[in-house]
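Q: Following this message is one structure expressed as structure tokens.
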Amino acid sequence: MDFGKDGYSEEEKESPVFHYKQGDFRKREDVKLRELALGINQPKRGLFRSLVNTRGNRFMFFTLIAVTVLCFTIGFLSSSRETSTLKNTKLSLSSFSFEDGVYVTLEFSPSKKSDKPAVNDFNIEFRAVNKEKAVCEKSEQFYVYENKKGGDKSYIYQKFKDYDIIKVECEVSADDETVILESSVVHKR
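As structure tokens, then:
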């Protein structure tokens with residue numbers, strides 16, 4: 060007996076016969092099965108339709124949307140007080156304590172919106188706030204920053220000798236605009 064490629068002999072090779080159930084049998088069949096077989100109740104296609112298909116899916120979908128909106132709102136409203144922009148210059152304040160002093164850094168960098176080079180004169184006042192929330196030390200400086208697109212960052216450093224400082228405030232003003240930055244002191248040992 061010679062078997063072909065598919066494993067059947069030549070005598071056994073016949074086309075398969077499919078028996079479809081039609082006619083009276085469909086009338087006696089359960090309604091859900093009849094609709095499924097005839098294609099009446101096709102599953103809903105598409106991502107959004109499947110997300111809101113059932114009551115539980117709708118609840119989870121709208122809960123997910125509400126949580127996402129809430130996260131973006133909180134992120135937008137609780138923007139950091141350590142960074143700000145003044146005269147197309149991005150300002151960033153950081154501070155840490157080490158041994159017997161508190162070290163403060165004010166960083167100047169061009170903002171993404173700056174398109175023209177400009178020279179800005181900044182009046183800077185550092186204020187150190189202690190545990191009683193009183194200003195214990197002050198320092199004033201004058202700084203000229205050349206703001207150019209793709210320009211370098213520039214830094215101003217300040218050191219306070221009181222170790223009990225919990226935060227540093229920095230008031231930066233240029234012409235008639237003023238920005239106040241705050242930074243909590245990070246204690247390093």
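In terms of the numbering used here, the sequence shown is residues 60 to 248. Here a beta-carbon is modelled for each residue, glycine too, at the ideal position from N, C-alpha and C.
(1) Which residues does DSSP pair with Phe201 in a beta bridge?
(2) Mind the definition here: the stretch 160-180 touches the stretch 216-223 only if three or more C-beta pairs lie below 8 angstroms; say whether that holds.
(3) Taking the alpha carbon of Glu196 as the reference point, which residue from Val203, Val188, Thr113 has its own alpha carbon closest?
(4) Quick one: what's got a C-beta closer than 6 angstroms to Thr237's C-beta in the same chain, skipping five residues either side?
(5) Closer than 8 angstroms by C-beta to Val111: which residues in its own chain qualify, once you throw out the five before and the five after it? Chain order, please.
(6) Taking the C-alpha atoms as reference points, what is the distance between Val245 and Ser156?
(7) How about Ser198 and Phe185: do their beta carbons lie closer than 7 angstroms?
(8) Helix, strand or coil: how does DSSP classify Gly98 here?
(9) Beta carbon of Lys212, beta carbon of Ser242: below 7 angstroms?
(10) Could you compute how far the alpha carbon of Ile133 sits from the alpha carbon of Glu205?
(11) Report the partner residues of Cys229 according to the DSSP bridge assignment.
(12) Can you pull the DSSP bridge partners for Glu166?
(13) Please check the pair Leu240 and Ser143, which I expect to be a contact at CB under 8 angstroms, by giving their CB distance rounded to whole angstroms.
(14) Do you know whose CA, among Leu165, Asn147, Glu166, lies nearest Pro176's CA?
A: Here's the rundown:
(1) Bridge partners of Phe201 according to DSSP: Asn182.
(2) Touching, yes.
(3) Here the closest residue by C-alpha is Val188.
(4) None.
(5) Take Val111, set aside five residues on each side of it, and the residues of its chain with a beta-carbon closer than 8 angstroms to its own are Arg117, Phe120, in chain order.
(6) Straight-line Cα distance between these residues: approximately 6 angstroms.
(7) Yes. Within cutoff.
(8) The answer is coil: DSSP assigns Gly98 none of H, G, I, E or B.
(9) At the C-beta level, Lys212 and Ser242 stay beyond 7 angstroms of one another.
(10) Rounded to whole angstroms, Ile133 to Glu205 spans 35 angstroms at the Cα level.
(11) Answer is Phe185, Leu240, bridged to Cys229.
(12) According to DSSP, which records beta bridges pairwise, Glu166 is partnered with Ser151, Tyr214.
(13) Cβ atoms of Leu240 and Ser143 come within 8 angstroms of each other, at about 6 angstroms.
(14) Pro176 has its Cα closest to that of Asn147, out of Leu165, Asn147, Glu166.
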